[in-house]
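Going left to right, the sequence shown walks through residues 456 to 784 as this note's numbering numbers them. Here a beta-carbon is modelled for each residue, glycine too, at the ideal position from N, C-alpha and C. The structure appears below as structure tokens.
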Amino acid sequence: MTKAWRHRLAGLLLWTLVAAAGAGWLAHARVEQLRTAFDTDARIVHRLLSQRVVQHDAVMATLALLQPPVPGAMADTAAASTLPRLPSVYPQILAVLQRPAGGAWPAAQKAALDAAEATSRRTGRAAMALADLAAGRYHLVLAGSPASYALQIDLAATVPQEEWPMNRVTSPVRVALEQSGQAFIVQPGRHLDRMGWHFGVHKLLASPSQPLDVVAERTVTPAELPWWAMLGWCALTAALWAGALAWWRQRVARQRAEELLRLGQVARLNTLGELAAGMAHELNQPLTALLASTQAAKRLLGESPPDLDTAFEAMGRAVEQARRASAVV
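This is how it looks when you write it as structure tokens:
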């Protein structure tokens, strides 16, 4: 593998790591954002439902304090006569039952209501009975003297629709009220069986008399990740990598051109040096011969008598050497 290919593979690996790290960070940020929103919605749901069930305790306490018992009357008849408007004020209360002193609960519900009344008398607070969470029904019993009271609660009407923080049809969050293996589905949720990041919150309602567990669940599926942002990040890093690669190639090409230019200048200087040396050598020979011939002619002319023929011959050789030098130039 050539050095250039090694550099390309190293750059591609670096881009892959940067792109994967950025895309992973965007995905993690989105998951954390959805987790925060889920936690916020779960807290709101728990607060709203807790307010409603605490309201049941307040109604029971008020009912026991303010309503006198009705001896010898049927429980539901007595409640209807004394508090005819209670279910209209609290739509989650389906019925009000009263067990006056010496009386009994309705026969169909007697055993369960008697047990709940005994529990209420022992603990000093209301107690649940006849819980059918699948149907969204249960009774809340408060032992009193001389009369005891029971409310039949509708869980579906307990959920405050106007204050609910999510769309109960389209929201992916599942909300349920659970107790002893039973569950009332407040909100069905979506995608809980799919692969992804699963969040869950389990918290008891803020009412000791109604120990219902608020269970909120949510699954963040891969489809909810910010794919466009992740792809945009990958495209951006790819463009930056390509731009950096092009800049590097341009820089290398410029350096190579500068090096070639410098080598060309050096070659031209070397050529000029060689030319100058050759010219010096070629001129040195005729000039030396020219000098020798003129000196000989001078010496011959200075003799007594002067040797004109030999001097004339020496001057002829000098002329030839001068012409040779001129031809070299």
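Top-ranked residue by Cα proximity to residue i, from the options
i: R645; options: R629, E713, L659, S635; result: R629
i: P620; options: L746, A459, H501; result: H501
i: T495; options: R461, G655, R772; result: G655
i: A570; options: Q637, G636, A589, A584; result: A584
i: F639; options: Q740, A752, A586; result: A586
i: V596; options: A589, R723, L588, R580; result: R580
i: Q488; options: M650, L680, R772; result: L680
i: A550; options: A556, L541, E758; result: L541
i: Q510; options: Q547, L481, G479; result: Q547
i: E633; options: L660, G698, P615; result: L660
i: G557; options: G599, S748, D668; result: G599
i: V774; options: R711, A566, S748, V783; result: S748
i: P666; options: T457, A769, Q564, L588; result: L588
i: E618; options: G771, I499, P677; result: I499
In DSSP terms, what residue i is bridged to
i: G414; result: The structure shown does not extend to residue 414, since the chain is modelled only from 456 through 784, so no value can be given for it.
i: R629; result: E672
i: A550; result: Q607
i: F639; result: L632
i: L597; result: Y604
Helix, strand or coil at residue i according to DSSP, with G and I counted as helix
i: E713; result: helix
i: R592; result: strand
i: A661; result: coil
i: W517; result: The amino acid at residue 517 is misidentified as Trp; the sequence shows Thr. T517 falls in the helix class under three-state DSSP.
i: G557; result: coil
i: P681; result: coil
i: A533; result: Below a pLDDT of 50, predicted positions are generally treated as unreliable, and A533, at 42, falls in that range; no measurement from the model is reported.
i: E487; result: helix
i: P542; result: helix
i: N622; result: coil
i: E758; result: coil
i: L647; result: coil
i: V525; result: Any reading at V525 needs caution, since the residue's pLDDT is 48, under 50, leaving its predicted position unreliable; the model's value is listed next. Correct three-state label for V525: coil.
i: T457; result: coil
6 angstroms CB neighbourhood of residue i in its chain, flanking five on each side removed
i: A497; result: V656, A671
i: H594; result: A584, L585, A605, Q607
i: Q750; result: none
i: P430; result: No information on residue 430 is available, as it lies outside the stretch 456 to 784 that the chain covers here.
Same chain, Cβ closer than 7 angstroms to residue i, five either side skipped, listed in chain order
i: T692; result: W470, V473, A474, G477
i: A631; result: A638, F639, I640, V641, V670
i: S662; result: S505, V508, V509, D512
i: S626; result: Q642, G644
i: L746; result: none
Beta strand (DSSP E) segment containing residue i, residue limits
i: D587; result: 582 to 587
Delimiting residues of the alpha helix (DSSP H) encompassing residue i
i: E768; result: 763 to 783
i: E571; result: One point to set straight first is that residue 571 is Ala, not Glu, in the sequence displayed. Its alpha helix (DSSP H) spans residues 565 to 578.
Same chain, Cβ closer than 8 angstroms to residue i, neighbours up to 5 away in sequence not counted
i: D609; result: P546, Q547, I548, L549, G591, R592
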